[in-house]
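Written below as structure tokens is the structure these notes are about.
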Amino acid sequence: MKNTTLKQLVRDRDGQPRGMVVATVIDGTVRLGWSHTNTKAGDRFDKRKALTIALGRAENGWGPTTVVPVSTRKVLNKMAERAVRYYKNVPVTLT
Numbered sequence: 045m046k047n048t049t050l051k052q053l054v055r056d057r058d059g060q061p062r063g064m065v066v067a068t069v070i071d072g073t074v075r076l077g078w079s080h081t082n083t084k085a086g087d088r089f090d091k092r093k094a095l096t097i098a099l100g101r102a103e104n105g106w107g108p109t110t111v112v113p114v115s116t117r118k119v120l121n122k123m124a125e126r127a128v129r130y131y132k133n134v135p136v137t138l139t
């Protein structure tokens, strides 16, 4: 089994990074996590913080009531497809 973490930046229409989506193997299943910067509140994108938040959500889950931003959801769905191809014969968990 591979112990690699897949990472993908979430970018806005101008190509600026706004978040990150990760896929990693935890306890024999592929777990997905995400982070997104709230630019309307004045937050600035920080790659290390984005990775920390995304890995935390992959480890602990993000709950059924959490709303994933649309732009992040698109990248998250692509990452799920990518993780299925990369981590062969390992089940994928989205929450």
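In this note's numbering, each number is its position in the sequence shown, counted from 1, plus 44.
Here a beta-carbon is modelled for each residue, glycine too, at the ideal position from N, C-alpha and C.
Span of the beta strand (DSSP E) holding residue i?
i: Thr73; result: Thr73 to His80
i: Val111; result: No beta strand (DSSP E) contains Val111, which DSSP labels as neither H nor E.
i: Gln52; result: Leu50 to Arg55
i: Arg62; result: Pro61 to Ile70
I'd like to know whether the C-beta atoms of residue i and residue j end up nearer to each other than 8 Å.
i: Ala98; j: Val69; result: no
i: Val119; j: Val54; result: yes
i: His80; j: Thr116; result: yes
i: Ala102; j: Gly77; result: yes
i: Ala85; j: Met123; result: no
Start and end of the alpha helix (DSSP H) containing residue i?
i: Ala94; result: Lys91 to Asn104
Examine the ligand MN and report whether any of its heavy atoms sits within less than 7 Å of the Cβ of residue i.
i: Arg92; result: With respect to the ligand MN, the structure offers nothing, as it holds no ligand at all.
What's the gap between the Cα of residue i and the Cα of residue j?
i: Asp71; j: Asn104; result: 12 Å
i: Val111; j: Lys132; result: 29 Å
i: Trp106; j: Lys51; result: 18 Å
i: Thr137; j: Pro108; result: 13 Å
i: Asn121; j: Thr83; result: 23 Å
i: Val221; j: Asp56; result: Missing from the structure shown is residue 221; the chain here goes from 45 to 139 and no further.
- prompt: Would you call the region 125-138 and the region 86-99 touching, i.e. three or more CB-CB distances under 8 Å?
  reply: no
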